[in-house]
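Below: one structure, written as structure tokens.
Numbering (the UniProt record's numbering), first residue to last: 1 to 279.
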């Protein structure tokens, strides 16, 4: 039994012919069967695909190589992660220069929890890259949407924090053609807002700052930790920013923050106790 194109099938059933059982078999094999093919298209959900071999959902081919797939889309073996990967048989990558046995490499993996992996099968983070990242730029986010005026006063740039935090802060202020420009890059570290006694000359929660300015040091940007009232074991604090002096009315500090530490209460540092199975 073989699959035939439309022109061949039409010839089987043209006026005056007597189709054979083989012709009917070719017609059936050339048609789509929802059960055998593994896909349907109900109006309420759109196209539904079922992985008949538990892995492959889609394969992509080029016309000049109809028998060799270039790309596959499918589920992880015995799992629910979605994988997109180049077919090792197609030899379209440069990972196998010596023509040794082809190895399947997962190019993109996506989990139901929203994690995306590049060249990794089981991404552990929102974006998990097993390789080198090249980009023209990098920036953090703004935790508080309210603009920060360049008025020489302190302003919060984080919500109330607890535990241990480490941030990278990039900030800038300036008025074009005025000569008043300043840029700041800082690494701010805080470990549960500890008390500092008068004899401790070194800061327990340092902010390492690199400054640049055009005309006067009075235009520089400052950062500090602001400790709030303790409530028992709760020790809230915030990160604040300001300009040294007042800029013109309407001028705001442009900044963004990148979080460098993601375990404020050190929960991942707790050792998992594994019982000795030999006892």
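Quick reminder that beta carbons are idealized off the backbone N, C-alpha and C, glycines included.
Going by CA-CA distance only, name the one from the options that's closest to residue i.
i, options, result
"residue 166", "141, 189 and 251", "189"
"residue 66", "90, 45, 75 and 56", "90"
"residue 225", "185, 217, 213 and 240", "240"
"residue 310", "247, 128 and 235", "Residue 310 falls outside the range modelled here, since the chain spans only 1 to 279, and no answer is possible."
"residue 113", "126, 121, 156 and 120", "126"
"residue 151", "3, 231, 169 and 174", "174"
"residue 133", "215, 236, 119 and 146", "119"
"residue 195", "228, 208, 170 and 223", "228"
"residue 249", "148, 222, 74 and 261", "148"
"residue 233", "266, 62 and 193", "193"
"residue 143", "41, 217, 158 and 87", "158"
"residue 146", "139, 155 and 138", "155"
"residue 231", "153, 48, 88 and 162", "162"
"residue 160", "138, 205, 238 and 178", "238"
Excluding the 5 residues flanking residue i on each side, which residues of the same chain have their C-beta closer than 7 angstroms to its C-beta?
i, result
"residue 123", "109, 111, 115, 116 and 117"
"residue 266", "164"
"residue 55", "74, 75 and 77"
Using the DSSP secondary-structure output, state which residues sit across from residue i in a beta bridge.
i, result
"residue 237", "161 and 227"
"residue 40", "48"
"residue 284", "Nothing about residue 284 can be read from this structure; the chain reaches only from 1 to 279."
"residue 265", "Note: residue 265 sits in no beta bridge, so no partner."
For residue i, collect the residues of the same chain with a Cβ closer than 6 angstroms to its Cβ; drop the 5 residues on either side in sequence, then sort them by chain order.
i, result
"residue 106", "83, 85 and 121"
Less than 8 angstroms between C-beta atoms, sequence neighbours within five positions excluded: which residues of the same chain meet that for residue i?
i, result
"residue 141", "256, 257 and 258"
"residue 260", "166, 167, 168 and 187"
"residue 264", "161, 162, 163, 164 and 165"
Using a 10 Å radius around the Cβ and a threshold of 16 neighbouring Cβ atoms, would you call residue i buried or exposed?
i, result
"residue 81", "buried"
"residue 72", "buried"
"residue 28", "exposed"
"residue 203", "exposed"
"residue 223", "buried"
"residue 212", "exposed"
"residue 219", "buried"
"residue 14", "exposed"
"residue 242", "buried"
"residue 184", "buried"
Going along the chain, which unbroken runs of the beta strand (DSSP E) with 3 or more residues stay wholly within the region 66-141? Here the runs fully enclosed are 71-75, 82-86, 106-110, 116-118 and 127-129.
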